[in-house]
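Residue numbers (the working numbering), protein chains in the order written: chain F, 255 to 485; chain U, 255 to 485. Everything below concerns the one structure shown next.
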DNA sequence: TCTGCGTTCGAACGTTCGTTCTAAGTATAG
DNA sequence: CTATACTTAGAACGAACGTTCGAACGCAGA
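Printed below as a string of structure tokens:
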């Protein structure tokens, strides 16, 4: 639980426009380890009080560091949020890609997508809440890169839905299906309780069944074509 | 679109502990109309900048009123959020109850639940975003009443799921089903685009099909009992 | 020992926050 | 007309905000 989730993030703070001096082949410098610790604590604080509601003094208290000390490692509060979101999202995406390499078949791949997301959520609850809930907190400059990762994540899922649709000759709106799925798996930060709701695998199975059975048209409600809503 | 959503809310501001003097039988006083206008604008501002991120000076600008003028109608920023959330949630709940009176059968009732939620979202997008996204913004004193309404809303949906489960002898976890459904319909504020996604009725049909078919077990993935996760 | 650099912090910067004070406006009742 | 309540706003309150400054520390290499 106390595992560091930012073990060796490359922060590349810019002091007067110059990158950090190349300490040749040193993967986890003291600087990076310390920044990682700050990001871990900042994630918890942002999760608890929200990005706007959390102050640098809160982070100072949580890390046991002075205000000026924080600024030695990260140039602004906004950049802290940026680094948290980027690291979280990049990690999810990378894990997903690795897992998808070993699985074929649209249905199984969608199940992997859901499982990957929920497993990461359970292992890093604050990180995923900050990613989901503070989606609009970054200003234009910072948000673009996060938006890019989000778009890739979305397109992967949309692709999987499209594959399933094609393979089985189904008739549903992929966009609505993906967004509904995202709602299910992102909203979880508002209600998940490990003691009541079981582990990620159990939840993933339930949600996968709902989405997949829901899309594959179990039978009863005849669904019309939604071609008009594709644009 | 510019319809006032707070036509005559009873605000009962307390000046030194005394309720507003009884202006006998005047349902929509100038005071209430003015407060309603402030709440409408505040909803938009909170929606756009978030509760913490929005300042009273933002609200002053949006309403064309002075700071002190705002405080004449509402005693604090937090109470503004409270009134917004309470009014929004109460309205949804009342509309739902009326609609459910005329419908029988678990499946149709669940469809009505979803339709009611989405129709209200489409007609009052900022209100529902503020309700969903600023869920944790109120302090203990204020949040209790909202939490009560939320609990009732949740229990109604849980009841509908239970009815469906019993009626058809199904085997799924009602809590997970309800929470997944809530995720689908609440997350919508992050992606809904009326030009692309159609109206509330179309969306409600798609989401209803996903949830209902998903639960009713279209066929393929055999689902085990989840009795262990009920506690 | 001295120099230089990464690190740390107390103290303060200027700004903005939610809120309040005081007094002036306006409408209506007598 | 005065009297009274309701409505408005300019100016300011103390507190908290994100951020910066200058001076110290500890420790390597000369």
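Cβ atoms here follow ideal geometry from the backbone N, Cα and C, with glycine treated the same way.
Could you give the first and the last residue of the continuous alpha helix (DSSP H) run that contains residue i?
{"i": "residue 286(F)", "result": "284 to 303"}
{"i": "residue 349(U)", "result": "331 to 355"}
{"i": "residue 432(F)", "result": "428 to 440"}
{"i": "residue 397(F)", "result": "394 to 422"}
{"i": "residue 461(U)", "result": "454 to 469"}
{"i": "residue 370(U)", "result": "360 to 377"}
{"i": "residue 323(F)", "result": "321 to 327"}
{"i": "residue 314(U)", "result": "310 to 317"}
{"i": "residue 451(F)", "result": "448 to 451"}
Distance, Cα to Cα, residue i vs residue j?
{"i": "residue 418(F)", "j": "residue 426(F)", "result": "10 Å"}
{"i": "residue 444(F)", "j": "residue 302(F)", "result": "12 Å"}
{"i": "residue 464(U)", "j": "residue 315(U)", "result": "44 Å"}
{"i": "residue 402(F)", "j": "residue 322(U)", "result": "43 Å"}
{"i": "residue 329(F)", "j": "residue 457(F)", "result": "39 Å"}
{"i": "residue 309(U)", "j": "residue 285(U)", "result": "23 Å"}
{"i": "residue 282(U)", "j": "residue 327(U)", "result": "14 Å"}
{"i": "residue 357(F)", "j": "residue 470(F)", "result": "20 Å"}
{"i": "residue 384(F)", "j": "residue 447(U)", "result": "24 Å"}
{"i": "residue 428(F)", "j": "residue 304(U)", "result": "30 Å"}
{"i": "residue 405(U)", "j": "residue 287(F)", "result": "43 Å"}
{"i": "residue 297(F)", "j": "residue 362(F)", "result": "32 Å"}
{"i": "residue 436(U)", "j": "residue 324(U)", "result": "34 Å"}
{"i": "residue 239(F)", "j": "residue 354(F)", "result": "No answer is possible for residue 239(F): it lies beyond the span of chain F, which begins at 255 and ends at 485."}
{"i": "residue 379(F)", "j": "residue 466(F)", "result": "25 Å"}
{"i": "residue 275(F)", "j": "residue 410(F)", "result": "Here the model assigns residue 275(F) a pLDDT of 38, short of 50, so the residue's position is not dependable and the matter cannot be decided."}
{"i": "residue 389(F)", "j": "residue 461(F)", "result": "23 Å"}
{"i": "residue 434(F)", "j": "residue 450(F)", "result": "23 Å"}
{"i": "residue 387(F)", "j": "residue 468(F)", "result": "27 Å"}
{"i": "residue 290(F)", "j": "residue 424(F)", "result": "46 Å"}
{"i": "residue 319(U)", "j": "residue 343(F)", "result": "42 Å"}
{"i": "residue 352(U)", "j": "residue 430(U)", "result": "26 Å"}
For residue i, collect the residues of the same chain with a Cβ closer than 6 Å to its Cβ; drop the 5 residues on either side in sequence, then sort them by chain order.
{"i": "residue 317(F)", "result": "292 and 295"}
{"i": "residue 364(F)", "result": "414"}
{"i": "residue 371(F)", "result": "439"}
{"i": "residue 374(U)", "result": "346"}
{"i": "residue 421(U)", "result": "360"}
{"i": "residue 454(F)", "result": "372, 373 and 376"}
{"i": "residue 369(U)", "result": "458"}
{"i": "residue 452(U)", "result": "none"}
Looking only at its chain, what residues have a beta carbon closer than 8 Å to the beta carbon of residue i, apart from the 5 residues adjacent to it on each side?
{"i": "residue 340(F)", "result": "399, 400 and 403"}
{"i": "residue 392(U)", "result": "332, 335, 336, 339 and 400"}
Quick one: residues in its chain with C-beta nearer than 7 Å to the C-beta of residue i, no 5 flanking neighbours on either side, listed in chain order?
{"i": "residue 307(U)", "result": "none"}
{"i": "residue 408(F)", "result": "432"}
{"i": "residue 299(F)", "result": "308, 312, 313 and 316"}
{"i": "residue 382(U)", "result": "342, 374, 375 and 443"}
{"i": "residue 367(F)", "result": "350, 411 and 414"}
Contact between the stretch 406 to 425 of chain F and the stretch 437 to 455 of chain F is defined here as three or more beta-carbon pairs at a separation below 8 Å; is this criterion met? no
Could you tell me whether the stretch 382 to 398 of chain F touches the stretch 330 to 339 of chain F, using the rule of 3 or more Cβ pairs below 8 Å? yes
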